[in-house]
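Q: Numbering follows numbering that gives the first Met the number 0, with no gaps: position 142 of the sequence shown is 141.
Glycine included, C-beta positions come from ideal geometry on N, C-alpha and C.
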Amino acid sequence: MKFDRIDRHILELMQRDARISNLELAEQVGLSPTPCSRRVKRLEQSGLIQGHVTLLNQSRLGLKLTAYIGISMDRHTPDRFDAFEQEVCSYPEVMECSVVTGQSADYLLKAVVADMEYYERFLLGKLTRIPGVTGVHSSFELRRVMQRTALPLDHINGTES
Numbered sequence: 000m001k002f003d004r005i006d007r008h009i010l011e012l013m014q015r016d017a018r019i020s021n022l023e024l025a026e027q028v029g030l031s032p033t034p035c036s037r038r039v040k041r042l043e044q045s046g047l048i049q050g051h052v053t054l055l056n057q058s059r060l061g062l063k064l065t066a067y068i069g070i071s072m073d074r075h076t077p078d079r080f081d082a083f084e085q086e087v088c089s090y091p092e093v094m095e096c097s098v099v100t101g102q103s104a105d106y107l108l109k110a111v112v113a114d115m116e117y118y119e120r121f122l123l124g125k126l127t128r129i130p131g132v133t134g135v136h137s138s139f140e141l142r143r144v145m146q147r148t149a150l151p152l153d154h155i156n157g158t159e160s
């Protein structure tokens, strides 16, 4: 798919505010509404725009604890990993799950919960009960310095991607 500076600008603006109207988006990128709408539709159909979300205030929802959890598995087999991933993806507390290298863990999870009591129930009642989990190492966020949801787009300068 080919990108140009207008596509990049559309993506930057939509990452900042997914609720921006097509009219306002068109004005800001220097297009009329119909061509702007077509570009957005093309970006969506290409899979580049995966969806539109509403970001909630974690703290105001009473979700005061963020945990980064390293998970070690007993066997490194596709069936063991598939079963773990299927199970952990069903937990609403898990915000991210990645297979990692360079650590003693096989997986790194980011989980958000109300408090330490809830975390203990989550850890002992869910995570450690998944077949194959042999180790769990938890670190807790003391203070979030910054959080970003927008991906960097500086590498896109009107080239194919």
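Is DSSP giving I9 helix, strand or coil here?
A: helix
Q: Cα separation between A104 and G69?
A: 5 Å
Q: Do S45 and N21 have their C-beta atoms closer together than 7 Å?
A: no
Q: Within 8 Å, do at least three Cβ pairs link the segment 73–83 to the segment 130–139?
A: yes
Q: Can you name, in chain order, every residue of its own chain whose Cβ lies under 8 Å from the Cβ of V28, other than the five neighbours on each side?
A: Closer than 8 Å at the Cβ level, and outside the excluded window around V28, lie I5, H8, I9, L12, C35.
Q: Where do the ends of the beta strand (DSSP E) carrying Y117 lie?
A: Note, Y117: premise wrong, no beta strand (DSSP E); alpha helix (DSSP H) at 115–124.
Q: Taking the straight line between their C-alpha atoms, what separation do you get for Q14 and V99?
A: 27 Å
Q: Taking a contact to mean a Cβ-Cβ separation below 7 Å, would you say I48 touches L54 in this structure?
A: no
Q: Find out if the Cβ-Cβ distance for the pair E119, K109 is shorter than 7 Å.
A: No. Outside cutoff.
Q: Take S71 as the anchor and find which of D114, R142, V52, L126 has the nearest alpha-carbon.
A: L126
Q: Have a look at M0 and Y117 and give me their C-alpha separation to the nearest angstrom.
A: Going by the C-alpha atoms only, they are around 45 Å apart.
Q: Is it true that the CB of S138 sits closer than 7 Å to the CB of Y67?
A: In this structure, S138 lies closer than 7 Å to Y67 by Cβ.
Q: Under the assumption that V197 contacts F121 (Cβ atoms under 8 Å), give the Cβ distance between them as a whole number of angstroms.
A: It is not possible to answer for residue 197, since the shown part of the chain is limited to 0 through 160.
Q: Which whole-angstrom value is the C-beta distance of D16 and L64, which I expect to be below 8 Å?
A: That pair is no contact at about 29 Å.
Q: On a Cα-Cα basis, can you pick out the residue from G50, E140, L150 that is closest to S162?
A: Here the chain has residues from 0 to 160 only, and residue 162 is not among them.
Q: Could you pull the DSSP bridge partners for L108 from this structure?
A: DSSP, once it has assigned bridges, lists I68, C96 as partnering L108.
Q: Quick one: residues in its chain with C-beta nearer than 7 Å to the C-beta of I155, no 5 flanking neighbours on either side, listed in chain order?
A: F2, R7
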